[in-house]
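12 is the number of the first residue of the sequence shown in our numbering; add one for each residue after it.
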Amino acid sequence: MRNKPLFNYPLVISIVGILLMINCVFMLFCLPFSFYFGDHDWLSILFASLINGGVGASAFFYFKQHALTRELKKKDGYMIVTVGWLMVSFFGSLPYLISGEIPTLTDAFFETLSGFSTTGASILTDIEAVGKGILLWRSMTQWIGGMGIIVLTVAILPILGIGGMQLFVAEAPGISPDKLQPRIKETAKRLWWVYLILTCVETILLMFGGMTFYDALNHALTTMATGGFSTKNSSAAEMTPYIQYVLIVFMFMAGCNFTLNYYAFKGRFKEIIQNEEFKYYAGLVVISTMILTVVVYYQLPEIGVEQSFRDVLFQTLSIITTTGYVSADYTAWLPFVTMWIFLLMFVGAMAGSTAGGVKIVRHIILQKNSFLELKRQLHPSAIIPVRFNGNAVSPNITYNVLAFIITYFFIYAVGVLIMSIIGLDFLTALGSVATCLGNIGPGLGSVGPVDNFAHLPGVAKWVLSALMLLGRLELFTVLIIFTPYFWRRI
């Protein structure tokens, strides 16, 4: 028993190999676009895909046979999710490096992890000059990361005789995910089908608005992933009102729990309307839009009521859902509006969506528990549980939410201090950490909606990359690996 490994590392490595092979397949999907547009980046994409496929296949087939057991434990799940995300990001940066579009490892890794984490923070200064195949891979990283490459693997693992519940829990820790079917494999498949169908529908609708198939596909991939990478230097600022409204609709849907999107496909709208988190989500969007539209129209009456409404609604949804598209420079609006949008960076959309951030359900539970604490002070003997969707929330979930929010803001404070030590100004430090930890994209200061992250020091980019990973994997999945408890033999 003393020699028993801490975790099943051959199985962990073999599953990471599967992830790299998935990387390979999606890279190959970008090749036809390089050929069609006559770009020379096709060879770089091909080499990168072969490296991903070769390393992934070698890791899978060699270590699979040395696995101690086919059963995944919790420790295995945490290692696979964290190490897997790092490996797909590292090997996913190869198209940038080999093509020379992003020549340094620091910038290439930052851009790739920003994609897989659906953050959308970019170091590219002239996006439209980048090869079409490379740009499609850039969008593809967000689409893969949006629903979670791990969830995709969960649908495959049962075929290999490996259960996937541990991976699903590690991918979405804290709040238990709703399961559409008893088996996790079926859940993952249905979520991916919803994800794929919505992506296809958005692509078609964007083409109706005059977008080319290539641009429509890229924007559909990054909208459904709530990632925000665009093929245009101006993001969504110069797009037509029709296209912006299409993006608004699909940003809203991507910010919903994908279980609710599945219910919409099945016509079960009553369950959507009765969902408490959905009510808060929709209500926050409506209230924020109404208040900020009045303020923006008061400041800029020349743009009219409709554009004021559209710009505010677009930016409100873009920040709440952590998509990060930009239709207007919100830092040029009144300080009240900028501050409101900054506070929205700490909200996030619904749990079970592709959005990052704290998530609305955690705010609901925190607010209800805080309010009930006042009642408990008056009635100390009474047992008053927190209720969500009409059901009592277990104390364990409440403690998890409190721990998550405290940890989130502690990491945010430490991140801001580190950025200040590196030399960033106060606004940029606040904005860069908030946007990377929340997987949003644009921030404040010199990383605002009309700027990017190219000018930041290399050390700052590595720190922000770590924050993007922490935010995407909801803190505990990564942090638990650095605790002494994780490395104890049980």
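Yeah, the Cβ is synthetic: ideal placement off N, Cα and C, and Gly gets one too. Every value quoted in this text rests on a predicted model; they were computed, and no experiment measured them.
DSSP bridge partner residues for residue i (one or two, in chain order)
| i | result |
| --- | --- |
| PHE121 | DSSP, once it has assigned bridges, lists no residue as partnering PHE121. |
| ALA403 | ARG398 |
Option in the options with minimal Cα separation from residue i
| i | options | result |
| --- | --- | --- |
| ILE492 | MET262, VAL260, LEU385 and LYS86 | LYS86 |
| SER104 | PHE46, MET38, ILE91 and HIS51 | MET38 |
| VAL369 | TYR89, ILE422, PRO346 and LEU22 | ILE422 |
| GLY367 | ARG398, TYR341, LEU484 and PHE347 | LEU484 |
| SER476 | PRO43, TYR107 and THR129 | THR129 |
| GLN255 | SER60, PRO16 and HIS230 | HIS230 |
| GLU288 | VAL372, THR198, ILE215 and VAL461 | VAL372 |
| THR93 | LEU490, PHE18, GLU197 and THR117 | LEU490 |
| THR123 | PRO43, PHE240, LEU61 and ILE352 | PHE240 |
| THR237 | VAL66, PHE127 and PHE320 | PHE127 |
| ALA247 | SER25, PRO468, PRO460 and LEU30 | PRO460 |
| VAL296 | ILE331, VAL307, GLY278 and PHE276 | ILE331 |
| LEU42 | THR210, TRP148 and VAL358 | TRP148 |
| VAL27 | PHE357, PHE44 and PHE71 | PHE71 |
Per-residue DSSP class, three states only, for residue i
| i | result |
| --- | --- |
| PHE464 | coil |
| ARG398 | strand |
| LEU171 | In this prediction, LEU171 has a pLDDT of 49, which is less than 50 and means its spatial position is unreliable; what the coordinates show is noted afterwards. Looking at LEU171 - three-state DSSP - the assignment turns out to be helix. |
| ILE8 | Here the chain comprises residues numbered 12 to 501, so residue 8 is not present and cannot be evaluated. |
| GLY64 | helix |
| HIS374 | helix |
| SER245 | coil |
| TYR253 | helix |
| PRO114 | coil |
| ILE109 | helix |
| TRP498 | coil |
| PRO16 | coil |
| HIS77 | coil |
| PRO184 | Any reading at PRO184 must be qualified, since the residue scores a pLDDT of 47, below 50, and its modelled position is unreliable; no value is offered. |
| ILE91 | helix |
| ILE155 | helix |
Contact under 8 Å by Cβ, residue i with residue j
| i | j | result |
| --- | --- | --- |
| VAL425 | ILE376 | no |
| ILE109 | PHE121 | no |
| CYS267 | SER364 | yes |
| ASN34 | PHE101 | no |
| THR242 | PHE261 | no |
| ALA59 | PRO16 | no |
| ALA275 | ILE283 | yes |
Residue i versus residue j: straight-line alpha-carbon distance, rounded
| i | j | result |
| --- | --- | --- |
| LYS143 | GLU384 | 55 Å |
| ARG387 | ILE395 | 7 Å |
| SER125 | ASP50 | 24 Å |
| TYR309 | SER299 | 15 Å |
| PHE263 | TYR73 | 44 Å |
| LEU171 | LYS84 | Residue placement at LEU171 is poorly supported in this model, since its pLDDT is 49, which falls under 50; the coordinates still yield a value, given next. Cα to Cα, the separation comes out at about 16 Å. |
| ASN450 | TRP53 | 30 Å |
| THR223 | LEU216 | 11 Å |
| MET98 | GLY315 | 48 Å |
| ILE417 | TYR410 | 11 Å |
| ASN354 | GLN378 | According to the sequence displayed, residue 354 carries Leu and not Asn. Between LEU354 and GLN378, the C-alpha separation is close to 16 Å. |
| PHE487 | ALA362 | 15 Å |
| ILE208 | LEU22 | 32 Å |
| VAL470 | SER443 | 13 Å |
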